[in-house]
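Beneath this line is the structure, given in structure tokens, with notes to follow.
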């Protein structure tokens, strides 16, 4: 029957379009589908997953001309360990003279990897996990790093200091990257509407319809279909695009949404299945 066909179609869309497997929290009434907007792009998430967009690059310090400043340890002070008011280990690393930029309130709370290089620029193969880099100090040429567990406590701070100094000796270089398992992406919060993966009362199927370069997101699968070929011709021909005779219609089922809930994105928007990073 029609209900079974609709349910089967949604199941296919659920698997193919969103690449999400059925799991324990799925119910007979389906799972929530959220549509988000960024510019003219529309992305989707299922369940409680947030929409994360483009990766946020690490904000390296730059000079007055906008050039990235090379990070090199300097002699004299080495690495000094202390603790902050929250009882977390903080390591102060002496950096080479000549830094002319600073990071203020940098990316704490996002796990980073310090990658080490010899004084002639060859990678040592050593790295060091930190929970954040708080500041590059402009005048005193120092860098503050917050070691990750288990070296982030008051008791472990001396060990953290010894390990970092051994891996980052005087006049060696360092670069910083994000850890592979860290969320370091732009959080997209402009939610347009919320629906379901399966049909339910007071909801309608929501499609993205493509005809050539034109796009439509809404409940009308015949949006680009031409009128009948004669006054008494009532046949619908959605595969023909009235705005482009050389194109053929394409459809993507996005889910089932309350009538009118997504009307603000009907025209001039494009569904981008890669816009939200699914977790």
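In this note's numbering, the protein residues as written are 1468 to 1746.
We put the beta carbon where it would ideally sit given N, CA and C, even for glycine.
No experiment lies behind these values; they were computed from the predicted model shown.
Own chain partners of residue i with C-beta closer than 7 Å, once the 5 adjacent residues on each side are dropped
i	result
residue 1489	Annotation note: pLDDT 41 at residue 1489 (below 50); position unreliable, no value reported.
residue 1683	1676, 1690, 1691, 1733, 1734
residue 1693	1704, 1707, 1709
residue 1557	1549, 1550, 1551, 1611, 1613
Cα-Cα separation between residue i and residue j, rounded to whole angstroms
i	j	result
residue 1593	residue 1504	41 Å
residue 1624	residue 1718	58 Å
residue 1588	residue 1497	54 Å
residue 1510	residue 1708	25 Å
residue 1710	residue 1597	55 Å
residue 1732	residue 1741	18 Å
residue 1691	residue 1705	7 Å
residue 1673	residue 1730	10 Å
residue 1614	residue 1685	49 Å
residue 1634	residue 1655	38 Å
residue 1546	residue 1513	46 Å
residue 1533	residue 1583	24 Å
residue 1559	residue 1590	22 Å
residue 1419	residue 1662	Outside the displayed range of the chain (1468 to 1746) lies residue 1419, so it cannot be described from this structure.
residue 1713	residue 1658	35 Å
residue 1621	residue 1555	6 Å
residue 1619	residue 1636	21 Å
Nearest-angstrom beta carbon gap, residue j and residue i [assumed within contact, 8 Å]
i	j	result
residue 1660	residue 1502	5 Å
residue 1508	residue 1735	Their Cβ separation, rounded to whole angstroms, is 11 Å, which puts residue 1508 and residue 1735 out of contact at 8 Å.
residue 1540	residue 1563	7 Å
residue 1579	residue 1643	5 Å
Own chain partners of residue i with C-beta closer than 6 Å, once the 5 adjacent residues on each side are dropped
i	result
residue 1677	1717
residue 1738	1509, 1675
residue 1728	1660
residue 1681	1710
Contact with chain D by residue i, beta-carbon distance below 8 Å
i	result
residue 1668	In the displayed structure, chain D is absent; only one protein chain is listed.
Same chain, Cβ closer than 8 Å to residue i, five either side skipped, listed in chain order
i	result
residue 1521	1652, 1653
residue 1638	1539, 1540, 1541, 1542, 1563, 1586
residue 1630	1595, 1618
Taking contact to mean at least 3 C-beta pairs separated by less than 8 Å, is the segment 1650 to 1669 in contact with the segment 1703 to 1723? yes
Taking only runs that begin and end inside the segment 1656 to 1734, name each unbroken alpha helix (DSSP H) of 4 or more residues, in chain order. none
What ranges does the alpha helix (DSSP H) occupy inside the segment 1605 to 1649, keeping only unbroken runs of at least 4 residues that lie completely in it? 1624 to 1634
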